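Numbering (this note's numbering), first residue to last: -5 to 164.
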Ligand code: OFO
């Protein structure tokens, strides 16, 4: 049986992961309407990964004989202007998700729930990778500035991103 405080932060984390998916989908729609199909693809793949992040926690709570408590998902922001502005927003968002994951880790340590402490390690590593990937895109976008040809080529590069599944046990 899972510790109730840990269960509660894990349920909150499910909501944050699904909100992340919503946010990336809103961004994907913006890029699609802007004719940046590679950016649209990249953010859509990320949305799928976020759904999976939520599902892995969902499965984990059930495996620990806990109670899944799904809450309302907030409406995502829609005020997008250009790729750099969007990726700066992504970076800020992912930093907040990293903090949230770290809080799950701290709570599981405080409550001596070592199974969850071990489980959440994968998310800690994933956040390092996500922040790094986003920073990489931001650095390139800053380098291009207003060079439309470079943006066009980078958009094609982002189209190559492949969805990788990390399913927990289902
Ligand atoms: Fe789930 O990693 Fe981004 O938010």
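In this text, a Cβ means the ideal position worked out from N, Cα and C, and glycines have one as well.
All of these numbers come straight from a predicted model, not from anything done at the bench.
Inter-residue spacing [alpha-carbon to alpha-carbon] between residue 167 and residue -2:
In the structure as shown, the chain starts at -5 and stops at 164, and residue 167 therefore has no counterpart that could be examined.
Please state whether DSSP places residue 33 in a helix, a strand or coil.
helix
So, helix, strand or coil for residue 77, using DSSP?
helix
Within 7 Å: the Cβ of residue 14 and any heavy atom of ligand 1?
yes
When you compare only the Cα positions, how much space is there between residue 152 and residue 34?
9 Å
In or out: residue 143 buried (at least 16 other Cβ within 10 Å) or exposed?
exposed
Does DSSP classify residue 87 as helix, strand or coil?
helix
How many Å lie between residue 164 and residue 47 at the Cα?
Note that residue 164 scores 47 on pLDDT, short of 50, meaning its location in the model is unreliable; the coordinates nonetheless yield the value given after this. When rounded, the distance between both Cα atoms is 13 Å.
Check the C-beta distance from residue 8 over to residue 78 and give it rounded, since I have them as a contact under 8 Å.
The pair is not a contact, with the Cβ atoms about 31 Å apart (cut-off 8 Å).
Okay, do the segment 131 to 149 and the segment 86 to 97 touch, 3+ Cβ pairs below 8 Å being the bar?
no
Can you tell me which of the three DSSP states residue 128 falls into?
helix
Identify, in the order they occur along the chain, each residue of the same chain with its Cβ nearer than 6 Å to the Cβ of residue 5, setting aside the five sequence neighbours on each side.
63
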